[in-house]
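**Q** FYI, our numbering numbers position 196 of the sequence shown as 198, with every residue one higher than the one before it.
Beta carbons: idealized from backbone N, C-alpha and C, even for Gly.
Remember, it's a predicted structure, so these values are computed and weren't measured experimentally.
Let me give you the structure first, and then I'll get to my questions.
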Amino acid sequence: MNEASLSGEKTEDNDLTRKMSSDPEFENSFFKVSKSNVAGWGAFATRDLAKGDVILRERPLFVATNNDLFQEFYNLGSDDMDIALSLHSHQFIKGDTPIILGIWHTNCFAVGCHTAGLFPIAARFNHACHPINNIDYRVNQANNLIMTARADIIAGQELTISYGKNLSPQLLYLCYGFRCRCGYCSGLGDDEIAMLSSHW
3 MNEASLSGEK TEDNDLTRKM SSDPEFENSF FKVSKSNVAG WGAFATRDLA
53 KGDVILRERP LFVATNNDLF QEFYNLGSDD MDIALSLHSH QFIKGDTPII
103 LGIWHTNCFA VGCHTAGLFP IAARFNHACH PINNIDYRVN QANNLIMTAR
153 ADIIAGQELT ISYGKNLSPQ LLYLCYGFRC RCGYCSGLGD DEIAMLSSHW
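Quick look at the structure:
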C-alpha cells in the first residue's frame, strides 16, 4: 500500500486502503477528499470514471457492535483514536452523549446483522438519494468496504452515496443532522425543520 498525499496520504489504484492520518484530506488514483462548498468535506473525481470502476477498497478502523463499541474504541492506539475522533458527530446528538458514540452513529457502515465498521475515508462521502447517487458500496466477507461507480462520472464531479434507500428527508435530518438538497427528493421546508428540531 502506497501512502502519501495532499496532506500526507495517497493510495494507488485498487490497493486495500486504511486511513493513516487524522487529516481529512485523502487522494488516490480516482478521487480526492477535500472541502465541499455545501457540506463540509466531500469526495470529488480527479479523472473521468466509467460505470463499474472500483474507486476504493477500505479496511475498517475498527468493527464493533453497540455492546462492545467503547471496548473496541479504547483498544485502538492513540493515532487511530485521533482518526476516529476527527470525524463529524451531527449537531443534534444529545449534549451528554459520549463523543465517540455520536461519531459512531453518524459515520458507521453496517457490516453484518449486528455489527458495523468505521471507515474514515468512506465516511467523508456525502449523501444523495437513490437513484441519483453516483457511487455504490458494499462490504465483503473480510469486512472491507468497496466503492464502485454506478454511472459514468466526469472529472471534478462530487461523488455521492446513498445513506439508505428508504431514508426520507425527515429521517436523514433526524439520523444525520443535515437537510438533503440532492435535487431528487422533496427536501424539507423551514417549518418542517423547526418541527423536527423541536425533538431535541
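Between which residues of its own chain and Asp154 is the CB-CB distance below 8 Å, once the five residues before and five after are set aside?
**A** As a first step, residue 154 must be located in the sequence shown, where it is residue number 152. The answer, listed in chain order, is Asp50, Leu51, Ala52 and Lys53.
**Q** Cβ atoms of Ala151 and Ala118: under 8 Å apart, would you say?
**A** What you label residue 118 is simply residue 116 of the sequence shown in a count that begins at 1. What you label residue 151 is simply residue 149 of the sequence shown in a count that begins at 1. In this structure, Ala151 does not lie closer than 8 Å to Ala118 by Cβ.
**Q** Counting pairs of beta carbons, one from the stretch 100-114 and one from the stretch 15-34, are three or more of them closer than 8 Å?
**A** These segments do not touch.
**Q** Take the Cβ of Phe135 as the centre, count every other Cβ of all protein chains shown within 10 Å, and call the residue buried at 16 or more, exposed below.
**A** Taking the first residue of the sequence shown as 1, we reach residue 135 at position 133. Reading the sequence as shown, one finds Asn at residue 135 and not Phe. Burial call: buried.
**Q** Based on DSSP bridge pairs, tell me the residues matched to Ile137.
**A** Here residue 137 is taken as the residue at index 135 of the sequence shown, counted from 1. DSSP lists Ala151 as partners of Ile137.
**Q** According to DSSP, what are the bridge partners of Phe46?
**A** Along the sequence shown, one-based indexing puts residue 46 at 44. Phe46 is bridged to Lys34 and Glu160.
**Q** Compare the Cα-Cα distances from Pro122 to each of Ile85, Leu78 and Val113 and report the closest residue.
**A** In the sequence shown, the residue the question calls residue 122 occupies position 120. When only C-alpha atoms are compared, the closest one is Ile85.
**Q** With H, G and I counted as helix, E and B as strand and the rest as coil, what does DSSP make of Leu78?
**A** Against the sequence shown, residue 78 aligns to sequence position 76. Leu78 falls in the coil class under three-state DSSP.
**Q** Under a three-way DSSP split, which group does Phe72 fall into?
**A** Stepping through the sequence shown from its first residue, residue 72 is reached at position 70. Phe72: helix per DSSP, three-state reduction.
**Q** Contact defined as beta carbons within less than 8 Å: I believe Glu160 pairs with Gly44. What is the distance between those atoms, to the nearest angstrom?
**A** The residue labelled residue 160 in the question sits at position 158 within the sequence shown. The residue labelled residue 44 in the question sits at position 42 within the sequence shown. Yes, they are in contact, since the Cβ atoms of Glu160 and Gly44 sit about 5 Å apart, within 8 Å.
**Q** Exposed or buried, which one is Gly185 when buried takes at least 16 other CB atoms within 10 Å?
**A** If you number the sequence shown from 1, residue 185 lands on position 183. Label assigned to Gly185: exposed.
**Q** Smallest Cα separation from His116: which of Asn69, Pro62 and Leu78?
**A** Position 114 of the sequence shown, counted from the start, is the residue given in the question as residue 116. That would be Asn69, whose Cα lies nearest to the Cα of His116.
**Q** In whole angstroms, give me the CA-to-CA distance for Asn39 and Ser91.
**A** The residue given as residue 39 occupies position 37 in the sequence shown. The residue given as residue 91 occupies position 89 in the sequence shown. Using only the alpha carbons, I get a separation of about 19 Å.
**Q** Comparing alpha-carbon positions, which option in Phe28, Pro133, Leu87 and Asp98 lies nearest Glu60?
**A** In the sequence shown, counting from the first residue as 1, residue 60 sits at position 58. The residue with the shortest Cα to Cα distance from Glu60 is Phe28.
**Q** Hey, out of Ala144, Leu120, His132 and Ala47, whose CA is closest to Arg183's CA?
**A** The residue labelled residue 183 in the question sits at position 181 within the sequence shown. Minimum Cα distance to Arg183 is reached at His132.
**Q** Is it buried or exposed for Tyr165, if we count other Cβ within 10 angstroms and need 16 for buried?
**A** As a working mapping, residue 165 is identified with position 163 in the sequence shown. So Tyr165 counts as buried.
**Q** In angstroms, rounded to a whole number, what distance separates the CA positions of Phe33 and Phe46?
**A** The count along the sequence shown starts at 1 and reaches residue 33 at position 31. The count along the sequence shown starts at 1 and reaches residue 46 at position 44. One C-alpha to the other measures close to 5 Å.
**Q** To the nearest angstrom, report how far apart Ser36 and Asp98 are at their CA atoms.
**A** As a first step, residue 36 is located in the sequence shown; it is residue number 34 there, counting from the start. As a first step, residue 98 is located in the sequence shown; it is residue number 96 there, counting from the start. Approximately 30 Å, taken between the alpha carbons.
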